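Residue numbers (my numbering): 36 to 180.
We treat Cβ as the ideally placed atom computed from N, Cα and C, and that holds for glycine.
Just so you know, these numbers come straight off a predicted model, no measurement behind them.
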């Protein structure tokens, strides 16, 4: 399965990780959500996955993030690609990252990614995009939807 996983951002570039046959092919940052249509993805994704937005302390930020996720859904529908929204806590708990401080999380994310994919990145957004994709791949491998 080819998966495009996206860590949506509003104040900085959005990180995308592309998996071909469940193996990480590349990670890239795009200026805005519309730019994902221009990514050089041979064969295209079978599934686009991103985080479902959750209530945080700033309602203005939540509204902007929801709008960006809506763009992802629109692009998926436009190109007839399945999409999946996952709760942030789900992939974080799966990888053992929940309830840890941010500095520790970044180091742990880097270790997990390096162990599974052989790739290293210090960028937390790229790490999140990769881990979101790995979470979905593992669920599919276990026969879960």
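Exercise. Write down the C-beta distance between residue 85 and residue 43 rounded to the nearest angstrom, noting that I regard them as a contact closer than 8 Å.
Key: The pair is a contact, with the Cβ atoms about 6 Å apart (cut-off 8 Å).
Exercise for the section: Identify every residue that forms a DSSP beta bridge with residue 50. Expected result: Bridge partners of residue 50: 42, 64.
Enumerate in chain order the residues of its own chain whose CB-to-CB distance from residue 112 is below 7 Å, with the five nearest sequence positions on each side excluded.
Within the same chain, no Cβ atom closer than 7 Å to the Cβ of residue 112 is found once the five residues on either side in sequence are excluded.
Next item on the list: For the beta strand (DSSP E) holding residue 109, just list the boundary residues, first then last.
Entry: First-last for residue 109: 94-113, but that is the alpha helix (DSSP H), not the beta strand (DSSP E).
Look up residue 86 in the DSSP assignment and say whether it is helix, strand or coil. Shown here, residue 86 sits in a strand according to DSSP, grouped into three states.
Margin query: I need the boundaries of the beta strand (DSSP E) containing residue 71, first residue and last residue.
Written below: DSSP places residue 71 outside any beta strand (DSSP E), giving it a letter other than H or E.
*Do residue 161 and residue 62 have their CB atoms nearer than 8 Å?*
The answer is yes: Cβ separation under 8 Å.
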